[in-house]
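Let me begin by presenting the structure, written as structure tokens, before commenting on it.
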Amino acid sequence: MLGNKRYTDYYKSIGRLALPLFIGQLGNIALAFADNMMVGQYSTAALASASFVNNIFNIAIFSCVGFTYGLTPLVGALFSRGENDSIGRMVKVGLRVNTIFTIIVMLLMTCLYFCLDRLGQPMELLPLIRPYYLIVLAGMLPVMLFNVFAQWSYAINNTAVPTWIVLGCNVLNVIGNYMLIYGNFGCPELGLTGAGISTLFARVVCAALMCAVFFCTTLGGRYRYGFRHMKTAPGEAREVTRTGFPVSMQMTFETASFSGSALMSGWLGAVPLAAFQIVAITGMLGFCLYYSIAAAMAIPMSHAAGRGDTASQRRLAWSGLHLILLCMTLTCCIFLFGGRYLMGAFSSDPAVVAAAMGVISAIVLYQLGDAVQITFANALRGTSHVMPMLYIAFVSYIIVGLPVTYLLGFTAGLGLYGIVLSFSVCLMLAGALYLFFFLRATRSLKH
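Under our numbering, think of the first position of the sequence shown as 3, with each following residue one higher.
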């Protein structure tokens, strides 16, 4: 035993927190599947356009969401010491800093809007891409607002409330898609634009409900005084930025690598681009399950960091990895034995389905790297030693990942298969580096 606990005790503590997140991630997977099935069945052009815009915006959205993740270790450490008023004050600081950061990112994405015709995508897709782009842009502030208060809820050991809110809004999104994509129940048939409007509405409702939990319920009652009345200390905004910015950049670089892959897939044509979107969505099956466990692991990790308990931090990380590897095995079995059914559900175009089926083995290969990197990235986040994440992500995903994607996809002539195969290289490199820095961080704390 280490830290007076057995592995089974850590499995239980992580599992208890992970279960609501796990359910929420399954809901997100179901939503992503439903979204892309509805758009893909509408037309291949709509699916290809959605692939381009979503992958471009994933960089911006994950950048903003990653910035909110800096609140979790800070609030978690305060929670472990029972400093409720300070938690409320920290949430207020986090809200201010994250709002400023999100507005800056939105301005950059607005500039990019005027350069869409220079990114090498099929010109016939631009009339679909442009309106959808603006709708997704409008949804960035609600996404940030929801995640600020969700990180507060996670850090105080309540992972259930944000999960149920997300699930409810996912249902709203699917209903909106059914009405606005195809023109059901007397609504206009808007295709891809309708899918965007439905998602925007769901995101606004999501943010409003999470704010109501903090400001109007007993769950937020003990923290509202600090939020409303306590003055912020001069260094707190800097502290939120110090923990949030490296995580934001880590997620930005990782997402940029995948979005760059989508951009390169578009250079191959509309069919490979649509197939890449199917690959990206089915790949989420693994990522979302791994993330739910890793994010749950980071919560008690932040509490242990607040107590200076490095033994528990290490045992939590290995316990999280064990659970994630189990999920990875199940995910790979689904891809290997049910891949044809998964790919065929997203498009009625035989060429798109065939292209997606051709990269199943590459999807399976990168699951191990994804499992390891997400475990130890969240382990580092839980310890608040987040600065190495920035450099690791930049080297793994930008310096190594993007060139390898181009080399395998185009120089080696492997096309879409080479693009997806390149994920294995950057994810394994990132995972190894995150593990190294996590062990170094906990060792330095120990001694």
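Just so it is clear, CB atoms sit at the ideal spot from N, CA and C, and this is done for glycine as well. Remember, predicted model here, so these are calculated numbers, not experimental data.
- Item | Reduced DSSP secondary structure (H/G/I, E/B, other) of cysteine 117 | coil
- Span separating the alpha-carbon of glycine 403 from that of leucine 192: 37 Å
- Message: To the nearest angstrom, how far is the alpha carbon of serine 349 from that of methionine 142?
- Response: 28 Å
- Query: Which whole runs of the alpha helix (DSSP H) in the stretch 229 to 305 are 4 residues long or more, in chain order?
  - Reply: 238 to 269
- Task: Would you kindly work out how many angstroms separate the C-alpha atoms of leucine 344 and glutamine 252, rounded to a whole number?
- Result: 30 Å
- Task: In the DSSP assignment, find the alpha helix (DSSP H) that holds phenylalanine 81 and state where it starts and stops.
- Result: 73 to 82
- Just the C-alpha distance for isoleucine 301 and threonine 333, rounded to the nearest angstrom, thanks. 24 Å
- Message: Let me confirm a value: serine 88 is counted as buried when at least 16 other C-beta atoms fall within 10 Å, else exposed. Which label applies?
- Response: buried
- Message: Count Cβ pairs between the stretch 371 to 384 and the stretch 314 to 323 that sit closer than 8 Å; are there 3 or more?
- Response: Yes: the two stretches touch, three or more of their Cβ pairs being nearer than 8 Å.
- Task: Please report the Cβ distance between glycine 246 and phenylalanine 69, rounded to the nearest whole angstrom; I am assuming they are in contact, meaning their Cβ atoms lie under 8 Å.
- Result: 4 Å
- Consult DSSP for glutamine 123 and reduce its assignment to one of helix, strand or coil. coil
- Message: Starting from aspartate 372, trace the alpha helix (DSSP H) in both directions and tell me its first and last residue.
- Response: Taken as a continuous stretch (DSSP letters only), the alpha helix (DSSP H) holding aspartate 372 covers 369 to 385.
- Supposed close pair histidine 305, serine 82 - CB separation, criterion 8 Å: 4 Å
- Message: Quick check: the stretch 181 to 191 against the stretch 98 to 109, are at least 3 beta-carbon pairs closer than 8 Å?
- Response: Between the stretch 98 to 109 and the stretch 181 to 191 there are fewer than three C-beta pairs closer than 8 Å, too few to call the two in contact.
- Message: For lysine 233, count the other beta carbons within 10 Å of its own beta carbon; 16 or more makes it buried, fewer makes it exposed. Which is it?
- Response: exposed
- Task: Count the other C-beta atoms from every protein chain shown that fall within 10 angstroms of the C-beta of tyrosine 134, then say buried if there are 16 or more, exposed otherwise.
- Result: Under this definition tyrosine 134 is a buried residue.
- Message: Among the candidates Ala356, Ala357 and Leu76, whose CA atom is the shortest distance from the CA of tyrosine 156?
- Response: For tyrosine 156, the nearest C-alpha among the options comes from Leu76.
- Item | 6 Å Cβ shell around phenylalanine 24 - same chain, five flanking residues per side excluded | Ser294
- Within its chain, find whatever has a CB closer than 8 Å to the CB of valine 249; leave out the 5 residues flanking it on each side and keep chain order. So the list reads Gly68, Phe69, Tyr71, Gly72, Arg383, Val388 and Met391, once near-sequence residues are dropped.
- Item | C-alpha distance - tyrosine 2 paired with isoleucine 199, whole-angstrom precision | Since the displayed the chain opens at 3 and closes at 449, residue 2 lies outside it and no answer follows.
- Check the C-beta distance from glycine 90 over to tyrosine 227 and give it rounded, since I have them as a contact under 8 Å. 6 Å
- Query: Which value, in whole angstroms, describes the spacing of the CA atoms of isoleucine 177 and serine 426?
  - Reply: 36 Å
- Identify, in the order they occur along the chain, each residue of the same chain with its Cβ nearer than 6 Å to the Cβ of methionine 330, setting aside the five sequence neighbours on each side. Gln369 and Ala373
- Query: If you run the structure through DSSP and keep just helix, strand and coil, what is aspartate 311?
  - Reply: For aspartate 311, the three-state secondary structure derived from DSSP is coil.
- Query: How should methionine 40 be labelled, buried or exposed, when 16 other C-beta atoms within 10 angstroms of its C-beta is the threshold for buried?
  - Reply: Label assigned to methionine 40: buried.
- Query: For threonine 161, which three-state DSSP category applies?
  - Reply: coil
- Task: Give me the Cα-Cα distance between isoleucine 58 and glycine 78, rounded to the nearest whole angstrom.
- Result: So the alpha carbons of these two residues sit roughly 32 Å apart.
- Beta-carbon proximity list for phenylalanine 255, same chain, < 7 Å, skipping 5 on both sides: The residues are Ala395, Phe396, Tyr399 and Ile400.
- In three-state terms, what does DSSP make of aspartate 11? Correct three-state label for aspartate 11: helix.
- Task: Using alpha carbons as the reference points, say which of Arg18, Ser15, Ile280 and Gly222 lies closest to alanine 353.
- Result: Ile280
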